[in-house]
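Visitor: In order, the protein sequence lines correspond to chains A and B. Start counting the first sequence at 3; every next residue gets the next number (the numbering used here). Start counting the second sequence at 2; every next residue gets the next number (the numbering used here).
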Amino acid sequence: MSRANTLDRRAVVRSLLARRGGLLLVTGLGAPAWDATAAGDSPLTFPLWGAMGSAAMIGLGLALAQPERAVLVLTGDGEMLMGLGSLATIGVQRPANLALAVLDNERYGETGMQETHTAHGVDLAAIAAGCGFAQSETIRDMAGIEALGARLDARQGPLFAQVKIAADTPPLALPPRDGALLKNRFRAALLGPQADLA
Amino acid sequence: MEQTSPGWQDELYDLLRRRGVTQFAYVPDAGHRVLIDRALADPAAQAVALTTEEEGVALLAGADLGGARGVLLMQSSGVGNCINMLSLVKGGRFPFLTLVSMRGDFGEGNPWQYPMGQAVEPVLAAMGVICLRVERPEEATPTVGAALTMAFQAGSAIAVLLSQKLIGAKPF
Numbered sequence: 003m004s005r006a007n008t009l010d011r012r013a014v015v016r017s018l019l020a021r022r023g024g025l026l027l028v029t030g031l032g033a034p035a036w037d038a039t040a041a042g043d044s045p046l047t048f049p050l051w052g053a054m055g056s057a058a059m060i061g062l063g064l065a066l067a068q069p070e071r072a073v074l075v076l077t078g079d080g081e082m083l084m085g086l087g088s089l090a091t092i093g094v095q096r097p098a099n100l101a102l103a104v105l106d107n108e109r110y111g112e113t114g115m116q117e118t119h120t121a122h123g124v125d126l127a128a129i130a131a132g133c134g135f136a137q138s139e140t141i142r143d144m145a146g147i148e149a150l151g152a153r154l155d156a157r158q159g160p161l162f163a164q165v166k167i168a169a170d171t172p173p174l175a176l177p178p179r180d181g182a183l184l185k186n187r188f189r190a191a192l193l194g195p196q197a198d199l200a
Numbered sequence: 002m003e004q005t006s007p008g009w010q011d012e013l014y015d016l017l018r019r020r021g022v023t024q025f026a027y028v029p030d031a032g033h034r035v036l037i038d039r040a041l042a043d044p045a046a047q048a049v050a051l052t053t054e055e056e057g058v059a060l061l062a063g064a065d066l067g068g069a070r071g072v073l074l075m076q077s078s079g080v081g082n083c084i085n086m087l088s089l090v091k092g093g094r095f096p097f098l099t100l101v102s103m104r105g106d107f108g109e110g111n112p113w114q115y116p117m118g119q120a121v122e123p124v125l126a127a128m129g130v131i132c133l134r135v136e137r138p139e140e141a142t143p144t145v146g147a148a149l150t151m152a153f154q155a156g157s158a159i160a161v162l163l164s165q166k167l168i169g170a171k172p173f
């Protein structure tokens with residue numbers, strides 16, 4: 003696209019998570035998971051290391067299970083494109099407590115920076131709006147990010163934000179890799195002693 | 002196909018709800034019609050229609066993160082759509098319960114249903130999902146009861162395969 007994308011991904015994520023409080027966070031695989039880790043690892047973050055295309059739907063299951071808690075899915079444009087149908091599924095369920103923020107660098111960052119469909123004009127925010135999200139927008143400046151961060155807790159969603167970021171590669175900041183550990187620490191932090199009782 | 006709704010399907014719904022299942026993820030399917038309709042009519046349950054079955058695998062992992070229990074209702078063709086997503090179940094050791102209405106097995110008249118229908122068990126086994134097969138109505142409730150224990154007490158991944166001997170074969 004002709005417009006310059008200048009937002010710094012680490013600054014975006016740091017801002018969104020600066021006052022995260024009890025926010026429940028799911029991240030897509032790759033750079034969004036590294037960004038969330040760079041902003042501060044937390045047991046209430048569930049970062050993916052695989053299962054590409056699953057982040058939004060994990061967020062939906064979590065949001066339906068915990069309607070009183072704000073849930074944020076932070077993922078990349080490539081990951082979101084692999085699960086586009088989930089936008090329609092979320093649009094039907096309309097959970098007020100779910101927000102999706104897509105860090106859109108128009109590239110597949112982990113595989114050699116090949117262009118994604120968004121580099122050719124595919125408009126994820128328009129797709130989310132067409133699927134029935136209560137709010138959907140494209141964000142190109144930090145003022146927009148700060149406004150989004152302030153709305154995460156309002157539970158007036160589902161919210162969708164396509165965040166146009168620069169295509170750079172900040173240093174790796176890796177979360178734990180063991181999926182069972184990530185799941186168990188998340189459940190323990192959220193559910194307390196009930197987490198291990200069935 | 003039987004014209005009246007068989008009682009075992011209502012029994013299954015009551016059993017799932019009694020054992021704490023609240024999220025019913027599904028791709029519309031005649032074999033699961035009673036369960037889907039019951040979930041849609043139940044104000045204490047969440048019926049989640051999917052665009053493709055793999056969405057349901059991820060949904061149920063999210064449900065577990067949030068302390069809720071779910072089940073994925075799908076046809077055997079949908080199993081093929083789930084394969085890579087089952088990495089999430091295995092990697093995270095998430096409990097997983099799916100009820101699969103079979104095509105491409107007993108008495109199937111549509112040749113296009115055979116490739117995936119016959120691949121269901123080997124594919125699920127390869128991804129670490131244990132298969133329990135139901136062929137007679139009286140086996141349905143005890144088998145799903147066992148599957149609930151295996152999934153939510155033992156944390157396993159379980160598929161209950163509802164055979165065409167049970168639900169009837171389509172001639173087309």
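For each residue, glycine too, the CB sits at the ideal point set by N, CA and C.
1) Tell me, which residues are paired with Y27(B) by DSSP?
2) Using CA atoms only, rank isn't needed, just tell me which of L86(A), L126(A), F135(A) is closest to L100(A).
3) Please check if any C-beta of chain A sits within less than 8 Å of the C-beta of G93(B).
4) Should L89(A) go down as buried or exposed, given a rule of 16 or more other Cβ atoms within 10 Å for buried?
5) In whole angstroms, what is the alpha-carbon distance linking I129(A) and G52(A)?
6) Under a CB-based cut-off of 8 Å, is R189(A) close to chain B?
7) Using 8 Å as the limit for Cβ to Cβ distance, is S44(A) near chain B?
8) Does the beta carbon of G79(B) come closer than 8 Å to any beta carbon on chain A?
9) For V161(B), which three-state DSSP category applies?
10) Is it a yes or a no for the stretch 48-68 of chain B touching the stretch 8-23 of chain A, going by three-plus beta-carbon pairs under 8 Å?
11) Using a C-beta cutoff of 8 Å, does A90(A) count as contacting chain B?
12) Identify the contact partners of N111(B) in chain A, using a Cβ-Cβ distance below 7 Å as the criterion.
13) Give the list of continuous alpha helix (DSSP H) stretches no shorter than 4 residues that lie fully inside the stretch 112-192 of chain A.
14) Can you look up M3(A) in the DSSP assignment and give me helix, strand or coil?
15) Please report whether the beta-carbon of F25(B) lies at a distance below 8 Å from any beta-carbon of chain A.
16) Hey, is N82(B)'s beta-carbon within less than 8 Å of any beta-carbon in chain A?
17) Smallest Cα separation from K171(B): which of M103(B), P29(B), E122(B)?
18) Can you find a CB in chain B that lies within less than 8 Å of the CB of F48(A)?
19) Can you tell me the Cβ-Cβ gap for V28(B) and L51(B), rounded? I've got them flagged as a contact below 8 Å.
20) Quick one: what does DSSP say G131(B) is sitting in, helix, strand or coil?
21) Would you mind telling me which residues of chain B sit closer than 7 Å to M59(A), beta carbon to beta carbon, in chain order?
22) On the premise that A67(A) lies in contact with A64(B), defined as a C-beta separation below 8 Å, what is that separation, rounded to the nearest angstrom?
23) Quick one: is T53(B) near chain D, going by C-beta distance under 8 Å?
24) Under three-state DSSP, which class holds R22(A)?
25) Let me know the secondary structure DSSP gives S44(A) once reduced to three states.
26) Using a Cβ-Cβ cut-off of less than 8 Å, give me the residues of the stretch 141-158 of chain B that come near chain A, in sequence order.
27) Does L89(A) come out as helix, strand or coil in the three-state DSSP assignment?
28) I'd like the span of the beta strand (DSSP E) that includes L98(B), first residue to last.
29) Hey, how far is the Cα of L184(A) from the Cα of P173(A)?
30) Examine chain B for any beta-carbon lying closer than 8 Å to the beta-carbon of G52(A), and answer yes or no.
31) Going by alpha carbons, who is nearest to G194(A) out of P116(B), A46(B), A26(B), G67(B)?
Guide: Reading it off the structure:
1) As a first step, residue 27(B) must be located in the second sequence, where it is residue number 26. Answer is A50(B), L74(B).
2) Position 98 of the first sequence, counted from the first residue, corresponds to residue 100(A). Of the candidates L86(A), L126(A), F135(A), the one whose C-alpha sits nearest the C-alpha of L100(A) is F135(A).
3) Position 92 of the second sequence, counted from the start, is the residue given in the question as residue 93(B). Cβ-Cβ to chain A under 8 Å: yes for G93(B).
4) As a first step, residue 89(A) must be located in the first sequence, where it is residue number 87. With 16 or more other CB atoms across the displayed protein chains lying within 10 angstroms of its CB, L89(A) is buried.
5) For the purposes of this step, residue 129(A) is identified with residue 127 of the first sequence, where counting begins at 1. For the purposes of this step, residue 52(A) is identified with residue 50 of the first sequence, where counting begins at 1. So the two alpha carbons sit approximately 24 Å from each other.
6) Taking the first sequence and counting its residues from 1, the one referred to as residue 189(A) is at position 187. At least one chain B Cβ lies under 8 Å of R189(A).
7) Within the first sequence, numbered from 1, the residue matching residue 44(A) stands at position 42. No, its Cβ sits nowhere closer than 8 Å to a Cβ of chain B.
8) If you number the second sequence from 1, residue 79(B) lands on position 78. Taking Cβ atoms only, chain A never reaches closer than 8 Å to G79(B), which makes this a no.
9) Here residue 161(B) refers to the residue found at position 160 when the second sequence is read from its first residue. Residue state, collapsed to three classes: strand.
10) The stretch 48-68 of chain B is not in contact with the stretch 8-23 of chain A.
11) Translated into positions along the first sequence, residue 90(A) becomes position 88. Judged by the 8 Å Cβ criterion, A90(A) is in contact with chain B.
12) Working through the second sequence from its first residue, we reach residue 111(B) at position 110. Result: empty, since nearest Cβ-Cβ is about 25 Å, beyond 7 Å.
13) Those alpha helix (DSSP H) runs which fall completely within the stretch 112-192 of chain A and span 4+ residues are 126-132, 144-153.
14) Position 1 of the first sequence, counted from the start, is the residue given in the question as residue 3(A). The pLDDT assigned to M3(A) is 45, lower than 50, so where the model puts this residue is not dependable, and the model offers no usable value.
15) Translated into the one-based positions of the second sequence, residue 25(B) becomes position 24. Closer than 8 Å: no.
16) Along the second sequence, read from residue 1 onward, the residue named residue 82(B) stands at position 81. No, N82(B) does not count as interfacial toward chain A.
17) On the second sequence, position 170 is the one that residue 171(B) refers to. Shortest Cα-Cα distance from K171(B) to any of M103(B), P29(B), E122(B) involves M103(B).
18) Counting from 1 along the first sequence, the entry for residue 48(A) is found at position 46. Output row for F48(A): interface = yes.
19) Here residue 28(B) refers to the residue found at position 27 when the second sequence is read from its first residue. Here residue 51(B) refers to the residue found at position 50 when the second sequence is read from its first residue. With a Cβ gap of about 5 Å, V28(B) and L51(B) count as contacting.
20) Against the second sequence, residue 131(B) aligns to sequence position 130. In the sequence as presented, Gly is not what sits at residue 131(B); that position holds Ile. In the three-state scheme derived from DSSP, where H, G and I count as helix and E and B as strand, I131(B) is classed as strand.
21) As a first step, residue 59(A) must be located in the first sequence, where it is residue number 57. Residues of chain B passing the Cβ test: E56, A59, L60, G63.
22) In the second sequence, counting from the first residue as 1, residue 64(B) sits at position 63. In the first sequence, counting from the first residue as 1, residue 67(A) sits at position 65. Right, the Cβ-Cβ distance comes to about 5 Å (below 8 Å), so this counts as a contact.
23) Protein chains in the displayed structure are A and B, and chain D is not among them.
24) Your numbering for residue 22(A) matches position 20 in the first sequence. In the structure shown, R22(A) sits in coil (DSSP, three-state: anything other than H, G, I, E or B).
25) In the first sequence, counting from the first residue as 1, residue 44(A) sits at position 42. S44(A): coil per DSSP, three-state reduction.
26) Residues F153, Q154.
27) In the first sequence, counting from the first residue as 1, residue 89(A) sits at position 87. In the structure shown, L89(A) sits in a helix (DSSP, three-state: H, G or I).
28) To locate residue 98(B), count along the second sequence from 1; it is residue 97. DSSP places L98(B) inside the beta strand (DSSP E), whose first and last residues are 97-102.
29) Taking the first residue of the first sequence as 1, we reach residue 184(A) at position 182. Taking the first residue of the first sequence as 1, we reach residue 173(A) at position 171. Those two C-alpha atoms are separated by around 22 Å.
30) For the purposes of this step, residue 52(A) is taken as the residue at position 50 of the first sequence. Taking 8 Å as the CB threshold, G52(A) lines the interface with chain B.
31) The sequence position of residue 194(A) within the first sequence is 192, counting from 1. G194(A) has its Cα closest to that of G67(B), out of P116(B), A46(B), A26(B), G67(B).
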